[in-house]
Amino acid sequence: MTTIYTYQKCSTCRKATQWLKAEGISFNEHPIRETPPIKKELEAMLAAYDGDLRRLFNTSGLDYRALGLKDKLPAMTKKEAFQLLSEQGNLVKRPFLLSDSFKAVGFKEADWSAGLS
3 MTTIYTYQKC STCRKATQWL KAEGISFNEH PIRETPPIKK ELEAMLAAYD GDLRRLFNTS
63 GLDYRALGLK DKLPAMTKKE AFQLLSEQGN LVKRPFLLSD SFKAVGFKEA DWSAGLS
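Structure representation (structure tokens):
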């Protein structure tokens with residue numbers, strides 16, 4: 003099953019879910035701010051991005067900047083990063099998609115098409 007975390011006011015998230023529907027891909031959708039990804043999901047995504055913690059963060063978000071994460075993230079442990087991400091869904095890059103064969107943050111149609119077909 004495919005799981006996607008989205009934010010309702012995010013146009014990229016809306017494009018991603020519209021694309022999934024158009025492609026006939028069934029999915030479970032979760033509101034990222036209210037129910038952020040859990041540690042197991044964050045681990046899976048981190049592995050998909052070769053351990054690059056920065057890829058999991060919404061680096062253009064206000065909260066990222068307000069917390070000064072640009073400077074703090076390089077010294078942060080994986081445990082500390084996962085704690086932040088699992089408690090504050092608005093820090094997570096979105097859309098956040100997990101399937102058995104493909105994992106991705108952000109929406110790039112060509113990548114999703116290749117990974118989900």
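In this text, residue positions in the sequence shown follow my numbering: the first is 3, and each later residue adds one. Where is the CB? At the ideal position from N, CA and C, for every residue including glycine. Everything numeric in this text was worked out from a predicted model, so none of it was measured.
Test item: CB-CB of residue i and residue j under 7 Å
i	j	result
F98	A18	no
I34	G117	no
L86	L75	no
K41	F104	no
N60	K95	yes
E43	L100	yes
I27	T8	no
Sheet register partners of residue i (DSSP bridge)
i	result
L99	I6 and A106
Residue i - containing alpha helix (DSSP H), residue span
i	result
E89	K80 to E89
E45	K41 to A50
E111	E111 to L118
L71	L71 to K74
S62	Here S62 belongs to no alpha helix (DSSP H), and DSSP marks it neither H nor E.
A77	Looking at the DSSP string, A77 is not in any alpha helix (DSSP H), and its letter there is neither H nor E.
I15	First, the residue type needs correcting, since residue 15 is Cys and not Ile in the sequence shown. Segment S13 to A24, the alpha helix (DSSP H) holding C15.
Simplified DSSP assignment, three categories, for residue i
i	result
N30	strand
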